[in-house]
Every structure is written in structure tokens, then in C-alpha cells.
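Numbering (this note's numbering), first residue to last: 34 to 512. For each residue, glycine too, the CB sits at the ideal point set by N, CA and C.
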């Protein structure tokens, strides 16, 4: 009897939530520094190049749309590529492609070359690196996910705080092409970052699970019954399978087009988890986040040009961008210290608060006349930019299961790319037609406002629906 009462030791493997995961954070930091730190300075870095290539707002937003589409498509291909390449091999290839695109941009002399190196080659590496980076961080951290994301992106934001001054200095000393070469040197650290991305299976923790022998025996009896049933089923199915296989072969010979369609479907199933179209794609976690990312990215590209058109010089623009990066950095530091509290509140709720701040800060900037207030609102935008950019993997991770995370991120970026390719040139054309950056900024702000309203309604609906469920259960359990 004593033997029957003793518990049998069993173990399950769970995410490390630390250990080598902190080395993964180092790799994520290097990737974030290389890919995101210079985004706020995009208009400053390529200002002279755009003048040389005669690229107006429509051309710039068209480039942005092409780049986002290529990023999304390359990110979607991750699931297929990982079947043929290991995680680190794919990451190293992506890092090499990314740096080739960045290096080639320094020598562009035409719009075609710029779109080729920046819009296509670099974006291919960009999409794969971002998808792999979010996936590996999501795999290594579950309980401490928000803390890990905040820590990694906070350190990257600290570097982003000095990039406006660094870019300004590099352009003054080496010119914009020399500046691009220096940025290429920084981006080459993605190669070292990808070398750190070891498979999570190497570092999984063992957690002990207890079961009573009687329970396990009953389960074994059930398993044997199931296996015998399976054997009977397979025996009966084998005879049917033979006739079915001959019928299938005959159909394949007669209808080759149908076979080609099925191959295409299988290929699409390998790229994207089709179930996500029903559960994730039509949610605000996908479409809403993608629209907000489009608005933020387009605003970041156009903001320096808008400040230049208002008569601001290089020093004033660099100072405003530095304050924006400072606001971003402060918010990321706050996320580290209050991550446990924010987990209780929910990532979606925090994201909506960030969207409200984004709309308010942009409207405040548009309604201001003096430079001090405009600079202050640009700094406040750093807070909202942090939530829009940093919480993306957390919002997606809280919306889908772990094994579907990579496909979900790829699906999100696919919609972002298509939406950016369509709406980006439209916003740019409106800017060129009206000769007003304010009009374009109002359009971009309205996108975020619409998402904020719809997402808030969705959360209230889910909350009210969730409150009703326990009441139904409690009534049904009463005798």
C-alpha cells in the first residue's frame, strides 16, 4: 500500500526564463541597435541623397511600402526556410544579406539602385532577422517575457538616444555616404548576434510533475485500449487505402491541374498557419498593430522633412529627435521596473494607452506654433513610440500559442507590407498635392485614432462577455 501511495516522478521541459536567455537578450540588443536605432534619423541620413535622386514624398513613401512588403514576405518564408536550415544558419545568411544591402546603399546613384539595395536586398535580411529575433526571445521567456523584451529594447533605445548626434557628426565629417558606411559597420554586429541564437531545446528546464501510480495505471489501461482500437482501425483502413490509392493515381493522371492546385495549397500551408486567418488575422492584435506601425513608421520618415520645411536647421532637428529617443528610453526603463504590474493589467490595455498618448501628442504638435512646445510634444511621442514598437511581440505572444508565434508575426508583417504599399504612396501624394505635411500627419493620426476606438470597444465586449461566463457555470453546478 505504501508503494501505491508514493508519487512517481515525471518531468516536463519548460522555457528557461533566464540562463542562456540573457545571452539571447544580448543578441536581441545588437539586432535592435542595428535595425531600429537609426530609424528616427532616416530623414536626416538620406536627406541629401533624396535631393540628388530627386525623390519627393510620393517616391519616399513608395519606397517605404516596397520595403515593408519585402520585409513581410521574407518574414513569412521563415517557417519554410527553417525546415531546410538551422536557426543560426538562417540568421547568419539574413545578417549577411542585410549588410550587403546597407553597404550597397552607400554607392547608389539612381532611384533603381536605392530601391534595389534598401527596398529589396536589405529588407529581405530585415524581415528574417526581426522574425527570428522575436521568435527566439518569445521561446526563451514566458513568465519574464515582458521584462526581457523591455530590458533588451531599453538598452537598444539608450544607443538610439545618441544616434541623432552621431549621425549629425558623421555627415559633417564624412558626408552622408561616409555616414552610411559607418552605420554599415554597426549593422555588422548582427552577424555576432545571430551566432548567439542557440536553439531553446538546448537550455530547457526540467520541472517535476507528480502522478499517483493508480492513476498512471488506469491511464496505461486506457492507452492499451486505444492502441488496440487503433490497430483495428489501421487494419481495416489498410484495405481501403489500397483501393483509394489506385483511385487517386487514376485521378492524378486525368486531372493534373487539380494536383498542381493541391501542391500550391500545401505550399501555402507550410508558409502560413491557415487557422490564424480565422483566429488572429481579423483581430486588432494583427490588423490594428499593423496599421499603427504603418502610421508610426511613415511619421518617423516624414517628420524630419517637415521640420526642415518649417525652417529648422540640422542642430534643432537633431535635438528634437534626441528628445524623442529620450522619451522612448525613459518609457522602456519604466517598463522594466513595472513589468510585473503591467502583466496584471494586460499588454493590450497598455498598448491602447500608448495609442491614446500618440494621438494626443501628434495633435498637440500640429496645433502648436512655437518651437519649444513642438519639441516637447515630439519628446512625448517617444513614450507612445515605445509602446507601439516594443510591445509588438508581447501583444502577439499573448494572442497566439507559442508554436504559432512565428507565423503570426509573419502574417502581421504581411498585412503591414500590403497596407503600406497601398496607403504609403497615397499619403505621400496627398502631401505633395497639398504641399502640407500637416494634412499628411492628420491622416496618419486618424488611423491610430480609429484603431484605438475599435480596440477599446473590443476589450469592453470581451470583458463583459467574460463576466457572464462564470455566472452561467455557477448556476449549472447548483443541485
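Contact annotation: residue 424 and residue 380 have beta-carbon atoms nearer than 8 angstroms. The beta carbon of residue 391 lies closer than 6 angstroms to those of 417 and 481 in the same chain, with the five residues before and after it left out. If you compare the alpha carbons of 350, 334 and 331 with that of residue 340, the shortest gap goes to 350.
In the three-state DSSP reduction, residue 177 falls in the coil class, being neither helix nor strand.
A distance below 7 angstroms between beta-carbons, with the five flanking residues on each side excluded, links residue 115 to the following residues of its chain, in chain order: 123. In terms of Cβ geometry, residue 74 and residue 200 form a close pair [threshold 8 angstroms]. Inter-residue distance for residue 237 and residue 49 is about 5 angstroms (C-alpha atoms, whole angstroms). About 6 angstroms separates the beta carbon of residue 71 from that of residue 196, a gap short enough to meet the 8 angstroms contact definition. Annotation: the continuous alpha helix (DSSP H) that includes residue 458 extends over 438–467. It is roughly 7 angstroms from the alpha-carbon of residue 188 to the alpha-carbon of residue 62. Cβ-Cβ separation between residue 442 and residue 164: approximately 6 angstroms, consistent with a contact (criterion under 8 angstroms). With 16 or more neighbouring CB atoms inside 10 Å of its own CB, residue 426 falls in the buried class. Of the candidates 140, 151 and 228, the residue whose Cα lies closest to the Cα of residue 104 is 151.
Secondary structure note for residue 391: its alpha helix (DSSP H) is the uninterrupted segment 380–399. With respect to residue 102, residue 326 sits apart: the two C-beta atoms are not nearer than 8 angstroms. The Cβ atoms of residue 313 and residue 182 do not sit closer than 8 angstroms to each other. DSSP lists no beta-bridge partner residue for residue 182. Non-local beta-carbon contacts of residue 337 in its own chain, meaning distances under 6 angstroms to residues more than five positions away in sequence, involve 76, 77 and 350 in chain order. In the three-state reduction of the DSSP assignment, residue 87 falls in the coil class. For residue 433, the three-state secondary structure derived from DSSP is coil.
Listed in chain order, the non-local C-beta contacts of residue 451 below 7 angstroms within the same chain comprise 102, local neighbours out to five positions each way being set aside.
When secondary structure is reduced to three states using DSSP, residue 122 falls in the helix class.
Each residue's CA atom was taken as its position, placing residue 177 and residue 54 some 10 angstroms apart. In the DSSP assignment, residue 345 falls outside any alpha helix (DSSP H), carrying neither H nor E.
Annotated as distal: residue 60 and residue 107, with beta-carbon spacing of 8 angstroms or more. The criterion of a C-beta distance shorter than 8 angstroms is not satisfied by residue 494 and residue 428. Only exposed fits residue 117, as fewer than 16 other CB atoms lie within 10 angstroms of its CB. Taking a contact as a CB-CB distance under 8 angstroms, the pair residue 365 and residue 419 counts as one, their CB atoms being some 5 angstroms apart.
Secondary structure at residue 139: coil, using DSSP grouped into helix, strand and coil. Here the C-alpha atom of residue 405 lies approximately 39 angstroms from the C-alpha atom of residue 137. In the three-state DSSP reduction, residue 315 falls in the coil class, being neither helix nor strand.
A Cβ-Cβ distance of about 17 angstroms is found for the pair residue 415 and residue 331, leaving them out of contact under the 8 angstroms criterion. Between residue 335 and residue 475, the gap from beta carbon to beta carbon reaches 8 angstroms or more. Per DSSP, the unbroken alpha helix (DSSP H) holding residue 111 starts and ends at 111–114. For residue 230, the three-state secondary structure derived from DSSP is coil. Comparing alpha carbon positions, the residue from 485, 352 and 220 closest to residue 324 is 485.
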